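Residue numbers (the working numbering): 16 to 660. Glycine residues also receive a C-beta, built at the ideal position from the N, C-alpha and C atoms. Here the structure is a predicted model, which means the values were calculated and not measured. To keep things clear, I will list the structure first and then write my remarks on it.
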Amino acid sequence: MLGVCYYPEHWPRERWAEDARRMRECGLTYVRIGEFAWSRLEPEPGRFEFEWLEAAIETLGQEGLKIVLGTPTPTPPKWLIDQHPDILAYDRQGRVRGFGSRRHYTFSSPTYRRETRRIVTAVAQRFGQNPHVAGWQTDNEYGCHDTTRSYGPEDLLAFREWLRAKYGSIEALNAAWGNVFWSMEYRTFEEIDLPNLTVTEANPAHWLDFYRFSSDQVAAYNKLQVEIIRQYSPGRFITHNFMSYTPDFDHFKVAEDLDVASWDSYPLGFTDMDVLPVSEEEKLRYARTGHPDIPAFHHDLYRGVKPRWWVMEQQPGPVNWAAHNPSPAPGMVRLWTWEALAHGAEVVSYFRWRQFPQAQEQMHAGLNRPDFQPDVGYWEAQQVARELEGLELPPTQQAPVALVFDYEADWVTRIQPQGREFTYRDLVWNFYQALRSLGLDVDFVKPGGSLEGYRLGVVPCSPILHEATIRALHNTQAQLVFGPRTGSKTESMGIPPNLPPGKLAEWLPIRVTRVESLCPGVNFALEWNGQHYTSSVWKEWVESDLAPVAKFDDGRGALWQHDNLHYLAFWPTVAFLRAYLGHLANRQGLQTFSLSEGLRLRRRGHLTFAFNYGPHEQQAPASPQARFVLGGRMVPPHGLSIWES
Numbered sequence: 016m017l018g019v020c021y022y023p024e025h026w027p028r029e030r031w032a033e034d035a036r037r038m039r040e041c042g043l044t045y046v047r048i049g050e051f052a053w054s055r056l057e058p059e060p061g062r063f064e065f066e067w068l069e070a071a072i073e074t075l076g077q078e079g080l081k082i083v084l085g086t087p088t089p090t091p092p093k094w095l096i097d098q099h100p101d102i103l104a105y106d107r108q109g110r111v112r113g114f115g116s117r118r119h120y121t122f123s124s125p126t127y128r129r130e131t132r133r134i135v136t137a138v139a140q141r142f143g144q145n146p147h148v149a150g151w152q153t154d155n156e157y158g159c160h161d162t163t164r165s166y167g168p169e170d171l172l173a174f175r176e177w178l179r180a181k182y183g184s185i186e187a188l189n190a191a192w193g194n195v196f197w198s199m200e201y202r203t204f205e206e207i208d209l210p211n212l213t214v215t216e217a218n219p220a221h222w223l224d225f226y227r228f229s230s231d232q233v234a235a236y237n238k239l240q241v242e243i244i245r246q247y248s249p250g251r252f253i254t255h256n257f258m259s260y261t262p263d264f265d266h267f268k269v270a271e272d273l274d275v276a277s278w279d280s281y282p283l284g285f286t287d288m289d290v291l292p293v294s295e296e297e298k299l300r301y302a303r304t305g306h307p308d309i310p311a312f313h314h315d316l317y318r319g320v321k322p323r324w325w326v327m328e329q330q331p332g333p334v335n336w337a338a339h340n341p342s343p344a345p346g347m348v349r350l351w352t353w354e355a356l357a358h359g360a361e362v363v364s365y366f367r368w369r370q371f372p373q374a375q376e377q378m379h380a381g382l383n384r385p386d387f388q389p390d391v392g393y394w395e396a397q398q399v400a401r402e403l404e405g406l407e408l409p410p411t412q413q414a415p416v417a418l419v420f421d422y423e424a425d426w427v428t429r430i431q432p433q434g435r436e437f438t439y440r441d442l443v444w445n446f447y448q449a450l451r452s453l454g455l456d457v458d459f460v461k462p463g464g465s466l467e468g469y470r471l472g473v474v475p476c477s478p479i480l481h482e483a484t485i486r487a488l489h490n491t492q493a494q495l496v497f498g499p500r501t502g503s504k505t506e507s508m509g510i511p512p513n514l515p516p517g518k519l520a521e522w523l524p525i526r527v528t529r530v531e532s533l534c535p536g537v538n539f540a541l542e543w544n545g546q547h548y549t550s551s552v553w554k555e556w557v558e559s560d561l562a563p564v565a566k567f568d569d570g571r572g573a574l575w576q577h578d579n580l581h582y583l584a585f586w587p588t589v590a591f592l593r594a595y596l597g598h599l600a601n602r603q604g605l606q607t608f609s610l611s612e613g614l615r616l617r618r619r620g621h622l623t624f625a626f627n628y629g630p631h632e633q634q635a636p637a638s639p640q641a642r643f644v645l646g647g648r649m650v651p652p653h654g655l656s657i658w659e660s
């Protein structure tokens, strides 16, 4: 199904009925509203004005549209900030982040939690039983604009209490952090400061616990809202609209309290702004389509975060916030919509119904122009709606390949990268691109999540292997491929007593005795299966009684295998991973393809989808017996084909 984001407070009331009618004619089912409307819902302290929102919901509902009602907490109004400046967040330099845009609050403010409870309760009590309200969205885009971590007085007080609850005694904290080094020992929890304003780098264990604390604050804040909504609006689903790659908090943990995960998809902006690393050549090639793996990466990630998931905001035209904002190539809004559905999205919702001619997002396109006329995206959304009428989408099934995605790994490698180019994001991206270019479907799995039933599993990098993760790795017959630095840290950010890979060495008998981080231009070669590959960034020295599967050009082992476990002692390139993972997939009975540039596949039940991000038509890798239900054997540029397997 399809939906749209709508802001009735932006438009004259006499336009609402026409907008609702045209939404229905476009083929839309869901409408998200309300997430930025606090100043209209409560223009003065304690004076609520709900009538306009009630009228808007009724107008939309009369056309058969289902409402997703957002809580207005991402934009606390000016009067509230003036009354309670302790709500505001602080940046890493210790400066207040002021009013005048959005997300101007810290998750750690007791005042803001109290005010959140008050406004969410009022809204949920008023609209929780409304028959047109099908679901709720908590807040909007947690973490956007670097707002997960705050460095103010409220955060310091909350952090100290979090540490007290975790460690119990200051002696336990000192021991865990290794505070004997540099005379960093504390006498009480009240002596601990935040780690942001030290002379040189702060203790990495201090940073890691601050990252963990900040992530937990997001989860606790979200849970506060969810519990209120469940009390006053039973039977409705609850979601949050996550962003593109935003590793500052653990989305798996936040989603434990949600029914549906959703995310906001802007393929052109993400490609231009390096949300995932894209070469300059690829930016030019995919300037009007978006990189072919960026939307899919996030579809698979958020399906892993929650099996039920939506795209809450789908790009319909040029955006306003990237360095460059081109128009999508004709057909791409349709393609992006279908690709989300192929990956299992329940709903794709466009941002937004109409372009607003004022304020910060006045250059951000919608399905309609500011003059109330349909824009290009409107017609492509309507086309998808009509195509969906004649096609029943089957349920999604477990993919054959699992990718263990580890938010804590991102934190560890940011805190102590040991080399400027070593970033968890880039390493995961290499693994994902290789698998997708082979035509393989991928499930993202949290650390400790079940790996049963998968034939191939990849762990790009998990420095800290918690007990739940170890159990999950033990309880699978899949071929498991571990990337560098896996098992390299204890839970307190130290080196394991038995050296890396730590706990993994109990069943993969190797020891990493030294690591090298390499500056750009310093490369090394390795040989596997008679082929030579070049890499850089990271290289490990490994000791083992096992014979290596691949060797570096200096004779040291580069790749180690024992039973179903494979360890890569280097930074693997996409070219190497495509060869090695393809080899393992074929050994496991999985069919792989050598997909041409810009062509990608996805399966949903008995249907196979092919998406062409390229400028020329390409042949779908379908069997001669395939029956096409949309498109044909030749996939047009910026188009798609669907066939029954």
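Give the range of the alpha helix (DSSP H) segment to which Thr484 is assigned.
Here residue 484 is taken as the residue at index 469 of the sequence shown, counted from 1. Per DSSP, Thr484 belongs to the alpha helix (DSSP H) from 482-489.
Would you identify the three-state DSSP class for Arg323, choosing helix, strand or coil?
For the purposes of this step, residue 323 is identified with residue 308 of the sequence shown, where counting begins at 1. Coil at Arg323, not helix or strand.
From the DSSP secondary-structure annotation, give me the bridge partner or partners of Gly572.
Here residue 572 corresponds to residue number 557 of the sequence shown, with the count starting at 1. According to DSSP, Gly572 bridges with Lys566.
Distance cutoff 8 Å, beta carbons only. Does Gln576 sit that close to anything in chain B?
No chain B appears in this structure, which consists of one protein chain only.
My guess is that Ser551 and Phe539 are in contact by the Cβ rule of under 8 Å, so how many angstroms apart are they, rounded?
On the sequence shown, residue 551 is found 536 positions in, with the first residue counted as 1. On the sequence shown, residue 539 is found 524 positions in, with the first residue counted as 1. Yes, Ser551 and Phe539 are in contact; Cβ-Cβ is about 7 Å, under 8 Å.
Can at least three beta-carbon pairs, one atom from the segment 438-448 and one from the segment 468-481, be found at a separation below 8 Å?
yes
Across the segment 376-383 and the segment 332-348, are there enough close Cβ pairs to call them in contact, namely three or more that are closer than 8 Å?
yes
Give me the residue from Leu291, Trp53, Tyr105, Glu59 with the minimum Cα distance to Thr86.
Locating residue 86 in the sequence shown gives position 71, counting from the first residue. Here the closest residue by C-alpha is Trp53.
Start-end ranges of the beta strand (DSSP E) lying completely within the segment 593-632, minimum 3 residues:
614-619, 622-627
Could you check what DSSP says for Glu328 in three-state terms: helix, strand or coil?
Here the question's residue 328 lines up with position 313 in the sequence shown. Here Glu328 sits in strand by DSSP.
How many whole angstroms separate the CB atoms of Leu80 and Val111, which I take to be in contact at a CB cut-off of 8 Å?
On the sequence shown, residue 80 is found 65 positions in, with the first residue counted as 1. On the sequence shown, residue 111 is found 96 positions in, with the first residue counted as 1. Leu80 to Val111, Cβ: 41 Å. No contact.
Are Leu283 and Pro372 touching if we call contact CB-CB under 8 Å?
Working through the sequence shown from its first residue, we reach residue 283 at position 268. Working through the sequence shown from its first residue, we reach residue 372 at position 357. Going by C-beta atoms, Leu283 is not nearer than 8 Å to Pro372.
One question on the structure: do Ala104 and Ser165 come within less than 8 Å of each other, judged by their Cβ atoms?
On the sequence shown, residue 104 is found 89 positions in, with the first residue counted as 1. On the sequence shown, residue 165 is found 150 positions in, with the first residue counted as 1. Yes, Cβ-Cβ distance for Ala104 and Ser165 is below 8 Å.
Buried or exposed (CB count within 10 angstroms, at least 16 for buried), Thr131:
Walking along the sequence shown from the start, residue 131 turns up at place 116. Buried.
Spell out the partners DSSP gives Pro389 in its beta bridges.
The residue labelled residue 389 in the question sits at position 374 within the sequence shown. The partner list for Pro389 (beta bridge, DSSP) reads Asn383.
Complete runs of the alpha helix (DSSP H) confined to the segment 411-477 [at least 4 residues]
422-430, 439-452
Start and end of the beta strand (DSSP E) containing Thr528?
Taking the first residue of the sequence shown as 1, we reach residue 528 at position 513. 526-532 is the span of the beta strand (DSSP E), which, as asked, contains Thr528.
With Asn256 as the anchor, note down where its beta strand (DSSP E) starts and where it stops.
Working through the sequence shown from its first residue, we reach residue 256 at position 241. Counting along the chain, the beta strand (DSSP E) containing Asn256 begins and ends at 252-257.
Are there three or more Cβ pairs, one per stretch, closer than 8 Å when the segment 543-563 is compared with the segment 590-604?
yes
Using a threshold of 8 Å, state whether the C-beta atoms of Ser229 and Thr163 are closer than that.
Along the sequence shown, one-based indexing puts residue 229 at 214. Along the sequence shown, one-based indexing puts residue 163 at 148. Their beta carbons are under 8 Å apart, which means Ser229 touches Thr163 by this criterion.
Bridge-paired residues (DSSP) for Ile657
To locate residue 657, count along the sequence shown from 1; it is residue 642. Looking at the DSSP assignment, Ile657 forms a beta bridge with Phe624, Leu645.
Asp170 lies in the alpha helix (DSSP H); which residues open and close that run?
Counting from one through the sequence shown, the residue named residue 170 turns up at place 155. Note, Asp170: alpha helix (DSSP H), 168-182.
Using CA atoms only, rank isn't needed, just tell me which of Arg500, Glu354, Leu316, Glu659 is closest to Thr438.
One-based indexing of the sequence shown puts residue 438 at position 423. Ranking Arg500, Glu354, Leu316, Glu659 by Cα distance to Thr438 puts Arg500 first.
Pull the bridge partners of Ala276 from the DSSP assignment, please.
Here the question's residue 276 lines up with position 261 in the sequence shown. DSSP, once it has assigned bridges, lists His255, Trp324 as partnering Ala276.
On the DSSP letters alone, give me the boundaries of the beta strand (DSSP E) that Tyr548 sits inside.
Taking the first residue of the sequence shown as position 1, residue 548 is located at position 533. First-last of the beta strand (DSSP E) with Tyr548: 546-550.
Per DSSP, cross-strand counterpart(s) of Val496:
As a working note, residue 496 is residue 481 in the sequence shown. Val473, His581.
Ends of the alpha helix (DSSP H) at Arg349?
As a first step, residue 349 is located in the sequence shown; it is residue number 334 there, counting from the start. Start and end: 347-357.
Those runs of the beta strand (DSSP E) which lie wholly inside the segment 28-103 and span at least 3 residues
45-48, 81-85
Identify the continuous beta strand (DSSP E) that holds Tyr365 and give its terminal residues.
Numbered from 1 along the sequence shown, position 350 holds the residue referred to as residue 365. Tyr365 -> beta strand (DSSP E) spans 363-365.
Once you ignore the five residues that flank Leu450 on each side, which residues in its own chain have a CB closer than 7 Å to its CB?
Against the sequence shown, residue 450 aligns to sequence position 435. Excluding sequence neighbours, Leu450 sits near Val416, Val457, Leu596.
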